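Following numbering that gives the first Met the number 0, the numbering of the sequence shown begins with 0 at its first residue and continues without gaps. All C-beta atoms, glycine included, are put in the ideal place defined by N, C-alpha and C. Being a predicted model, the structure only gives us computed values, none of them experimental. First the structure, in the form of structure tokens, and then the observations on it.
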Amino acid sequence: MYRHLTLLRLRWYALATGRVLVRHWQVFVLAGALVPGGMPVGKLLMGLGYPLLAILHVGHDVLWHWWRLVAIQGLALAWVMVQRRHIDGGAFMTYARSLPLSVNQRRRVDLSVLLPANSLLLVPVVALLVVAPTGLLGATATPFLVATVCVVTGLMLLAELAELERQLAALLTFGLADALLSWSLSRPVDPASWLALSGALLMGASFLVLRHPLQASLQTWVRRRVTQSLPGGRRLFSFLPPAWRIQAQALWVRHPGGTVLRTVSVFALALAADWLMQKFAFDARALPTAILGMAAIALIASGLYCILQSAHRPVQPYLHALPLPKRFWALQDTAFVAAFGALPLTVLLAPMFIHLNAPVDTTLALVLAYFVLLALLRLPLVHGGRQAVLLGVILAGTWSGAAMAVVR
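This is the structure we're talking about:
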């Protein structure tokens, strides 16, 4: 039964993901074009594994390691939320859940589907495991590093499994496991570090067999408080105007994973641009870096246009019957996306006001041009069809080139 169910789930995941890849093939072509040609395999593997190595490198304090490990798991959870409909197996699983399958059988199938679903996230893990035995990592204890990578990967998969099973209270257990793992990374490699490493994995796996009172009570609280209030959004979005409240509810109810991942991405880009400007000591390279960051943030934020448009489409007959202007929802969507894009823009431009001492008129002109770009991106994203992403990238690239030429 496990083999048949796994093959059917994997077949559904491959078909559903393949349709998405066909619709957005331009993104992968552009990503492939950005890979430097002729790069040695060793340097490529080192570059892919370096972010994970930097996080797991011993010598920092517990808090430094903990929030980075939590960020990795948060990214993995958002990645699974985006693909939840593909991983769950579609309408077929409504029938499969009526079969006399044990919980362990279903979990083994879920883990078998999670492995290909995390293929992009596992690339740094594989790269680091390949490079670690070669001794290129210097004084880092190779066996402990490899074991730590395996534990982090195991905790990530277990957290995703808890998310698929909607055991939100179990995520607190993974926070404690991350704390124990961070403690093992904050000290020299010794038997206590190895013991803490094993304890972190066992603590993360405890949700598979244990239903302790804390988790059960938290699960009850989540059902009564969170799931009743957040999906409807009545209390969460009550401070918004009526039109924006509808848009926010559409994003939260229909595409929660994509919305979270998009929000995290734009703020991560803003912080990365700030970090680069700080590394450049706010010299002549800082302003072009800020412009590229603004273009990238605008391109990611403009993806909300497609989600909002798909939410309006089923209720078009009702919307046309309302006494509203013809372009009401188009203007509301543009204003909503502009407000969404204004938050990371504030994070991005704050260091410029503090350290760069750029002219006020130049900065205000960049801000105005940024919002003009957000408004213009609605045209290719909504009316571009299969070429929407490619046209959006071309528009954002043209805007960034023109902005750099003007400010120089």
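Tell me whether the beta-carbon of residue 66 lies closer than 7 Å to the beta-carbon of residue 178.
The residue labelled residue 66 in the question sits at position 67 within the sequence shown. The residue labelled residue 178 in the question sits at position 179 within the sequence shown. Against a cut-off of 7 Å, the Cβ pair of residue 178 and residue 66 comes out as no contact.
In chain order, what residues of the same chain lie with their CB nearer than 7 Å to the CB of residue 240, ignoring the 5 residues before and after it?
In the sequence shown, counting from the first residue as 1, residue 240 sits at position 241. Here the set comprises nothing.
Go ahead and pull the three-state DSSP assignment for residue 214.
By 1-based counting over the sequence shown, the position of residue 214 is 215. The predicted position of residue 214 is uncertain, since its pLDDT is 48 and thus under 50; a value taken from the coordinates is nonetheless stated next. Annotated three-state conformation of residue 214 is helix, per DSSP.
Return yes when at least one heavy atom of the ligand NAD lies under 6 Å from the C-beta of residue 363, else no.
Of the ligands one can find in the structure shown there are none, so the ligand NAD has no counterpart to examine.
Please say whether residue 391 and residue 380 have beta carbons closer to each other than 7 Å?
Sequence index remark: in the sequence shown, residue 380 carries index 381 (1-based). Sequence index remark: in the sequence shown, residue 391 carries index 392 (1-based). Cβ atoms of residue 380 and residue 391: closer than 7 Å.
Just curious, the alpha helix (DSSP H) that residue 301 is in, first and last residue?
To locate residue 301, count along the sequence shown from 1; it is residue 302. Under the DSSP assignment, residue 301 falls outside any alpha helix (DSSP H); it carries neither an H nor an E label.
Helix, strand or coil, according to DSSP, for residue 325 in the structure here?
Residue 325 sits at position 326 when you count from the first residue of the sequence shown. Of the three classes helix, strand and coil, the one that applies to residue 325 here is coil, per DSSP.
Grouping DSSP H, G and I as helix and E and B as strand, with all else coil, what is residue 0?
Within the sequence shown, residue 0 is the residue found at index 1, counting from 1. In this structure, residue 0 counts as coil in the three-state DSSP scheme.
Candidates 263, 278, 51 and 331, of which the one nearest residue 123 by Cα:
For the purposes of this step, residue 123 is identified with residue 124 of the sequence shown, where counting begins at 1. Ranking 263, 278, 51 and 331 by Cα distance to residue 123 puts 51 first.
Inter-residue CB distance, residue 185 and residue 61 (contact presumed, cutoff 8 Å):
Position 186 of the sequence shown, counting from 1, holds the residue named residue 185. Position 62 of the sequence shown, counting from 1, holds the residue named residue 61. About 5 Å; that satisfies the 8 Å criterion.
Which residues in the same chain have their Cβ closer than 7 Å to the Cβ of residue 85, if we skip the five residues on either side of it in sequence?
Here residue 85 refers to the residue found at position 86 of the sequence shown. Cβ within range, chain order: 12, 15 and 16.
Go through its chain and collect everything with a Cβ distance to residue 410's Cβ below 8 Å, but skip five positions before and after it.
Outside the modelled stretch of the chain, which goes from 0 to 407, sits residue 410, for which no answer is possible.
Inter-residue Cα distance where the pair is residue 161 and residue 201
Locating residue 161 in the sequence shown gives position 162, counting from the first residue. Locating residue 201 in the sequence shown gives position 202, counting from the first residue. Whole-angstrom Cα-Cα distance: 15 Å.
If we ignore side chains and look at the alpha-carbon of each, how far apart do residue 5 and residue 88 end up?
Your numbering for residue 5 matches position 6 in the sequence shown. Your numbering for residue 88 matches position 89 in the sequence shown. Cα to Cα, residue 5 sits roughly 10 Å from residue 88.
By the three-class DSSP mapping on this structure, what secondary structure does residue 240 have?
Position 241 of the sequence shown holds residue 240. Coil at residue 240, not helix or strand.
Residue from 247, 258 and 296 whose Cα sits closest to the Cα of residue 271:
Start at 1 with the first residue of the sequence shown, and residue 271 comes out as number 272. When each option's Cα is compared against that of residue 271, the closest is 296.
In its own chain, which residues sit with a C-beta less than 6 Å from the C-beta of residue 144, not counting the 5 before and 5 after it?
In the sequence shown, counting from the first residue as 1, residue 144 sits at position 145. So the list reads 131, once near-sequence residues are dropped.
Relative to the alpha-carbon of residue 328, which residue among 320, 339, 316 and 311 has its alpha-carbon at the smallest distance?
The sequence position of residue 328 within the sequence shown is 329, counting from 1. Ranking the options by Cα distance to residue 328, first place goes to 311.
Can you tell which of 190, 199 and 141 has its C-alpha closest to the C-alpha of residue 173?
Residue numbering aside, residue 173 sits at position 174 when the sequence shown is read from its first letter. Of the candidates 190, 199 and 141, the one whose C-alpha sits nearest the C-alpha of residue 173 is 199.
Leaving out the 5 sequence neighbours to the left and right, which residues in its chain are closer than 7 Å to residue 333 when beta-carbon positions are compared?
As a position in the sequence shown, residue 333 is number 334, starting the count at 1. The residues are 374 and 377.
Secondary structure of residue 162, DSSP reduced to three states
The residue labelled residue 162 in the question sits at position 163 within the sequence shown. Shown here, residue 162 sits in a helix according to DSSP, grouped into three states.
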